[in-house]
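Protein chains: 2
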Amino acid sequence: MSKCEQCIIRKFSSLRALNKEELIKISGCKTSKVVKKGEVLFEEGDYLNGVYCIRDGACKLTKLSANGKNHIVKFITKGDLLGQRSVISDESVNLSAVAVNDMEVCFIPRDEIMSSFKENSEFSVEVVRDICYDLKTSDDVTVNMAQKNVKQRLADSLLYLHDTFGEDAEGYIKIQLSREEIAGMVGTATESLIRMLSEFGKKGLIEVKGKRIKIVSILKIQNVSDGIV
Amino acid sequence: MSKCEQCIIRKFSSLRALNKEELIKISGCKTSKVVKKGEVLFEEGDYLNGVYCIRDGACKLTKLSANGKNHIVKFITKGDLLGQRSVISDESVNLSAVAVNDMEVCFIPRDEIMSSFKENSEFSVEVVRDICYDLKTSDDVTVNMAQKNVKQRLADSLLYLHDTFGEDAEGYIKIQLSREEIAGMVGTATESLIRMLSEFGKKGLIEVKGKRIKIVSILKIQNVSDGIV
DNA sequence: AATAATATATGATATTTGTCATACACTTCG
DNA sequence: CGAAGTGTATGACAAATATCATATATTATT
Chain B
1 MSKCEQCIIR
11 KFSSLRALNK
21 EELIKISGCK
31 TSKVVKKGEV
41 LFEEGDYLNG
51 VYCIRDGACK
61 LTKLSANGKN
71 HIVKFITKGD
81 LLGQRSVISD
91 ESVNLSAVAV
101 NDMEVCFIPR
111 DEIMSSFKEN
121 SEFSVEVVRD
131 ICYDLKTSDD
141 VTVNMAQKNV
151 KQRLADSLLY
161 LHDTFGEDAE
171 GYIKIQLSRE
181 EIAGMVGTAT
191 ESLIRMLSEF
201 GKKGLIEVKG
211 KRIKIVSILK
221 IQNVSDGIV
Chain A
1 MSKCEQCIIR
11 KFSSLRALNK
21 EELIKISGCK
31 TSKVVKKGEV
41 LFEEGDYLNG
51 VYCIRDGACK
61 LTKLSANGKN
71 HIVKFITKGD
81 LLGQRSVISD
91 ESVNLSAVAV
101 NDMEVCFIPR
111 DEIMSSFKEN
121 SEFSVEVVRD
131 ICYDLKTSDD
141 VTVNMAQKNV
151 KQRLADSLLY
161 LHDTFGEDAE
171 GYIKIQLSRE
181 EIAGMVGTAT
191 ESLIRMLSEF
201 GKKGLIEVKG
211 KRIKIVSILK
221 IQNVSDGIV
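In structure tokens:
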């Protein structure tokens, strides 16, 4: 079993604030596992008894909406921690987590996290800072969802994907989602999304090759997002 | 100056987890003030050096959207704490706070909050629990904003207002907002909102008298929110 | 390789929502 | 009291978006 003290991944999350003893203790009780693309880490309503540290791969956090569509709220990628909110507030998770590519994750039991949270104020401040950041972001997204039209929201989603996953050698965003999934991020009908994607393509904002999308001009997409025509 | 140890309001927020010494210390350095309806507590981008404890009245938290409209994200009312996110994560606030009726608030300096946060784990857990709850709620709202149509969102907003402010003797929701403000909660044009309000009125879901709104049937409004026609 | 299943694309049309114009109601303030 | 300003309401129309139908492409399965 790999040792947390030597794991670089922890440096990317609030786990960086843990001291050596804490890391050794966690090493002893954590479990590692592989999650294949499409597999479910947890579902809306589940209670987690620990947090996941994402060593590789990514998952989507989704919520089933009132009208039966799966909305992708955000993606969790390599280096991120998953499930802190639920563990700390001792509530069920409100989102489902599904792998969007093959993942490698470590599971750290609840008790370890909570004891560090209570005893190591540097760690607790870090954790809270993360959650606060998420809250701020979520409020911003709420406003965008409420006030922007579908075209603007698609621009936002493309920028978010680009930001989160980066580009491959050819400049394509390093994640492949179905049109239905993207529609579920934007909050629109799949057909509408497809039309808008090809519109963006025709206008030279993006290049589409199957499921792969390349942003031609970040600036132009940003202008669309800001409603600058 | 009133004493925090004797103040009942603190029982409604995470401040309930503070011990007597902490409360006495806060009593000595807190300031109280009255904020008149329409006055601004802080604006998007400000740095707060403390948190507000709302002793009476309410304020709206708004954000200016890309298209220039003021979106009301939520209301903060009697008993709530305001500004913890910004203080703990040491970032500027992302929302503006404007009184929607006359308020009485106490201001607790940053240092007091942070020292209790670091030393009193019961308090820090409470604070984080609150922020986690807000995060969960915010994600839920995001999904609703993205997936529901204007009619459903209006139903949600009415239920939220009813929940947050309660009813007066005649059954009207105990807050008076302009049509423009409600439109800014729902994320729609003011004219569309006005039309929909009168549609709700004609269908007997609500009763409207000037700025005062009465929900006739919570159940029916809930059905609208759920898209059950 | 052929077939089935699924995803993507596009047209036609209905519905929803936004915009602009205008009218009316209500407040405020000199 | 009356004028000016603001908020609310409504009609007419335009634009955005959803829905349904269907075609075509892509992937999976045998």
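Here the protein sequences come in this chain order: B and A.
Per the UniProt record's numbering, residue 1 is the first one in the first sequence, and the count goes up by one each step.
Per the UniProt record's numbering, residue 1 is the first one in the second sequence, and the count goes up by one each step.
Glycine included, every Cβ here is placed at the ideal spot set by N, Cα and C.
On a predicted model such as this, the values are computed, not experimentally measured, just so you know.
Problem set entry | Which listed residue (B:His71, B:Ile54 and B:Gly45) has its alpha carbon closest to that of glutamate 91 of chain B | Within the first sequence, the letter at position 91 stands for residue 91 of chain B. Just measuring C-alpha positions, the residue of B:His71, B:Ile54 and B:Gly45 sitting nearest glutamate 91 of chain B is B:Gly45.
Problem set entry | Beta carbon proximity, leucine 135 of chain B to chain A, threshold 8 Å | On the first sequence, position 135 is the one that residue 135 of chain B refers to. Closer than 8 Å to some Cβ of chain A, the Cβ of leucine 135 of chain B qualifies, so yes.
For this session: Taking C-beta pairs closer than 9 Å, name the residues in chain B that arginine 16 of chain A reaches, listed in chain order.
Result: Here residue 16 of chain A refers to the residue found at position 16 of the second sequence. Within chain B, no residue comes near arginine 16 of chain A; the closest Cβ sits about 16 Å away, beyond 9 Å.
For this session: Give the straight-line distance between the Cα atoms of serine 89 of chain A and tyrosine 172 of chain B, rounded to the nearest whole angstrom.
Result: Numbered from its first residue, the second sequence carries residue 89 of chain A at position 89. Numbered from its first residue, the first sequence carries residue 172 of chain B at position 172. Taking the straight line joining both Cα atoms gives about 34 Å.
Exercise. For residue 230 of chain B, which residues of its own chain have a beta-carbon under 8 Å away from its beta-carbon, when the five flanking residues on both sides are left out?
Worked result: Residue 230 of chain B lies beyond the residue range present for chain B, which begins at 1 and ends at 229; the question has no answer from this structure.
Exercise. DSSP puts phenylalanine 75 of chain B in a beta bridge; with which residues?
Worked result: Looking up residue 75 of chain B in the first sequence gives position 75. The secondary-structure analysis by DSSP pairs phenylalanine 75 of chain B across a beta bridge with B:Lys60.
Exercise. In three-state terms, what does DSSP make of threonine 188 of chain B?
Worked result: Stepping through the first sequence from its first residue, residue 188 of chain B is reached at position 188. Looking at threonine 188 of chain B - three-state DSSP - the assignment turns out to be coil, as it is neither helix nor strand.
For this session: Starting from the Cα of serine 219 of chain A, find the closest Cα among A:Val229, A:Lys202 and A:Gln147 and give me that residue.
Result: Residue mapping note: residue 219 of chain A aligns to position 219 of the second sequence, counting from 1. In the sequence on display, residue 219 of chain A carries leucine and not serine. With distances taken between Cα atoms, leucine 219 of chain A lies closest to A:Val229.
Problem set entry | Contact list for methionine 145 of chain A against chain B, beta-carbon separation under 7 Å | Walking along the second sequence from the start, residue 145 of chain A turns up at place 145. Within chain B, the residues near methionine 145 of chain A are Thr142, Met145 and Ala146.
Problem set entry | Backbone CA spacing between alanine 169 of chain A and methionine 145 of chain B [nearest angstrom] | Counted from its first residue, the second sequence places residue 169 of chain A at position 169. Counted from its first residue, the first sequence places residue 145 of chain B at position 145. Those two C-alpha atoms are separated by around 36 Å.
Exercise. If we ignore side chains and look at the alpha-carbon of each, how far apart do histidine 162 of chain A and threonine 188 of chain B end up?
Worked result: Counted from its first residue, the second sequence places residue 162 of chain A at position 162. Counted from its first residue, the first sequence places residue 188 of chain B at position 188. The alpha-carbon of histidine 162 of chain A is positioned some 29 Å away from that of threonine 188 of chain B.
For this session: Alpha carbon to alpha carbon, how far is valine 93 of chain A from arginine 179 of chain A? Give it in angstroms, no decimals.
Result: Here residue 179 of chain A is taken as the residue at index 179 of the second sequence, counted from 1. Here residue 93 of chain A is taken as the residue at index 93 of the second sequence, counted from 1. Linking arginine 179 of chain A to valine 93 of chain A through their CA atoms gives a straight-line distance of about 26 Å.
Exercise. Would you say serine 121 of chain A faces chain B, with C-beta separation under 8 Å as the test?
Worked result: Taking the first residue of the second sequence as position 1, residue 121 of chain A is located at position 121. Closer than 8 Å to the CB of serine 121 of chain A there is at least one CB belonging to chain B.
Exercise. Using a Cβ-Cβ cut-off of 6 Å (strictly less than) and excluding sequence neighbours within five positions of aspartate 140 of chain B, which residues of its own chain qualify?
Worked result: Position 140 of the first sequence, counting from 1, holds the residue named residue 140 of chain B. Closer than 6 Å at the Cβ level, and outside the excluded window around aspartate 140 of chain B, lies no residue.
Exercise. So which residues on chain A does arginine 110 of chain B lean against when the C-beta distance must stay under 9 Å?
Worked result: For the purposes of this step, residue 110 of chain B is taken as the residue at position 110 of the first sequence. The contacting residues do not exist; arginine 110 of chain B stays about 13 Å from chain A at best.
For this session: Please name the residue or residues paired with glutamate 207 of chain B in a DSSP beta bridge.
Result: Locating residue 207 of chain B in the first sequence gives position 207, where the first residue counts as 1. For glutamate 207 of chain B, DSSP records a beta bridge to B:Lys214.
For this session: Indicate the three-state DSSP secondary structure (helix, strand or coil) for asparagine 70 of chain B in the structure shown.
Result: Counted from its first residue, the first sequence places residue 70 of chain B at position 70. In the structure shown, asparagine 70 of chain B sits in a strand (DSSP, three-state: E or B).
Exercise. If you compare alpha carbons, which of B:Ala97, B:Ser124, B:Leu193 and B:Lys118 is closest to phenylalanine 42 of chain B?
Worked result: Mapped onto the first sequence, residue 42 of chain B falls at position 42. Between phenylalanine 42 of chain B and the set B:Ala97, B:Ser124, B:Leu193 and B:Lys118, the nearest pair of CA atoms involves B:Ala97.
Exercise. Name the chain A residues whose beta carbon is nearer than 8 Å to that of arginine 85 of chain B?
Worked result: Position 85 of the first sequence holds residue 85 of chain B. Residues of chain A passing the Cβ test: Cys132, Leu135 and Lys136.
Exercise. Taking C-beta to C-beta, are aspartate 102 of chain A and valine 40 of chain A nearer than 8 Å?
Worked result: Position 102 of the second sequence, counting from 1, holds the residue named residue 102 of chain A. Position 40 of the second sequence, counting from 1, holds the residue named residue 40 of chain A. For the 8 Å CB-CB criterion, aspartate 102 of chain A and valine 40 of chain A do not form a contact.
Exercise. Going by C-alpha distance, which of A:Gly204, A:Leu23 and A:Arg85 is nearest threonine 137 of chain B?
Worked result: Against the first sequence, residue 137 of chain B aligns to sequence position 137. With distances taken between Cα atoms, threonine 137 of chain B lies closest to A:Arg85.
Problem set entry | Beta bridge counterpart(s) of isoleucine 221 of chain A as assigned by DSSP | In the second sequence, the residue the question calls residue 221 of chain A occupies position 221. According to DSSP, isoleucine 221 of chain A bridges with nothing at all.
Exercise. How is serine 86 of chain B classed by DSSP in three states: helix, strand or coil?
Worked result: Start at 1 with the first residue of the first sequence, and residue 86 of chain B comes out as number 86. If DSSP states are grouped into helix, strand and coil, serine 86 of chain B belongs with the helices.
Exercise. Are the beta-carbon atoms belonging to leucine 95 of chain A and threonine 142 of chain A less than 8 Å from one another?
Worked result: Numbered from its first residue, the second sequence carries residue 95 of chain A at position 95. Numbered from its first residue, the second sequence carries residue 142 of chain A at position 142. Taking 8 Å as the cut-off, the Cβ atoms of leucine 95 of chain A and threonine 142 of chain A do not count as close.
Problem set entry | Alpha-carbon spacing of serine 116 of chain A relative to glutamine 176 of chain B, whole angstroms | Your numbering for residue 116 of chain A matches position 116 in the second sequence. Your numbering for residue 176 of chain B matches position 176 in the first sequence. For the pair serine 116 of chain A and glutamine 176 of chain B, the Cα-to-Cα distance works out to about 46 Å.
Exercise. Quick one: what does DSSP say isoleucine 228 of chain A is sitting in, helix, strand or coil?
Worked result: Residue 228 of chain A sits at position 228 when you count from the first residue of the second sequence. Residue state for isoleucine 228 of chain A is assigned as coil, using DSSP reduced to three classes.
Problem set entry | Close-in-space but distant-in-sequence residues of the same chain around lysine 69 of chain B (CB under 7 Å, 5 per side omitted) | What you label residue 69 of chain B is simply residue 69 of the first sequence in a count that begins at 1. Taken in chain order, the residues that qualify are Gly184.
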